[in-house]
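Chemist:
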Amino acid sequence: HMNTAALLLTAPPTERRWAEQALACIDKATALEPRVATVAGSLRIKALVRTDASKAKALFEEAKGKPQATRLAMAILEEAADKELAGSAIALLEEARKDPKASPFFARALAKGYFHLGQATKAAETQKGFVAFAKGAGAPPEAMAEFEGELATYQAAAK
């Protein structure tokens, strides 16, 4: 069920019906195996961002202060959520990023969020740092092409 939900969420965000089906799959999976509920959180919030913003906000607020909060924030920013929810996710990741052990992938999510909020220059600067990290970490060429493509989009918008 979880793989089906993930596949359904590859549809364009405008395809609300696919997100509704993904939620049904997530509900079935967590009913069958409650231990997947934490892992399912990112998929659930992506589907909720597309179908019910108030439920997405409530889920995110409930997660704040818990380990899964950063995963949910990253998922929210991948979905180009409404500005209020995106702003809340950005604030959480900016704070989490202060930890020396923070995931470098927070930067990529933040860049997407900044771009969505119209802060193209900040998005480009943040993504540039992430691209440097990914290159240094030996990211595969396909991933580097994706990261550099995002950077180019942000840089073009910043001009």
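The numbering used here puts the first residue of the sequence shown at 61, with every later residue one more than the last. We put the beta carbon where it would ideally sit given N, CA and C, even for glycine.
If contacts are defined as beta-carbon pairs under 8 Å, then Cys69 and Ala79 qualify, I think. What distance do you get, rounded to the angstrom?
Modeler: Correcting the residue identity first, residue 69 is Leu in this sequence and not Cys. Yes, Leu69 and Ala79 are in contact; Cβ-Cβ is about 7 Å, under 8 Å.
Chemist: Mind listing, in chain order, the continuous alpha helix (DSSP H) runs of no fewer than 4 residues lying wholly within the segment 87–123?
Modeler: Runs of the alpha helix (DSSP H) inside the segment 87–123: 97–111, 113–123.
Chemist: Could you check where the alpha helix (DSSP H) with Pro201 kicks off and where it finishes?
Modeler: Start and end: 201–218.
Chemist: Could you give the distance in angstroms between the alpha-carbon of Lys117 and the alpha-carbon of Met134?
Modeler: Their backbone Cα atoms lie some 14 Å apart in a straight line.
Chemist: Quick check on the DSSP output: the alpha helix (DSSP H) that includes Arg168 runs from which residue to which?
Modeler: Counting along the chain, the alpha helix (DSSP H) containing Arg168 begins and ends at 165–176.
Chemist: Pick from Asp142, Lys143, Tyr174: whose alpha carbon is nearest that of Glu154?
Modeler: Glu154 has its Cα closest to that of Tyr174, out of Asp142, Lys143, Tyr174.
Chemist: Just confirm the distance between the C-beta atoms of Ala171 and Ala156, as a whole number of angstroms; I'd bet it's less than 8 Å.
Modeler: Actually they are not in contact, since the Cβ atoms of Ala171 and Ala156 sit about 15 Å apart, beyond 8 Å.
Chemist: Whole angstroms is fine: what's the gap from Leu177's alpha carbon to Glu210's?
Modeler: Whole-angstrom Cα-Cα distance: 15 Å.
Chemist: Helix, strand or coil for Thr70 per DSSP?
Modeler: If DSSP states are grouped into helix, strand and coil, Thr70 belongs with coil.
Chemist: Throw me the rounded Cβ distance for the Glu139 and Lys115 pair, which I believe falls under 8 Å.
Modeler: In fact, because the Cβ distance is near 13 Å, the residues do not count as touching under 8 Å.
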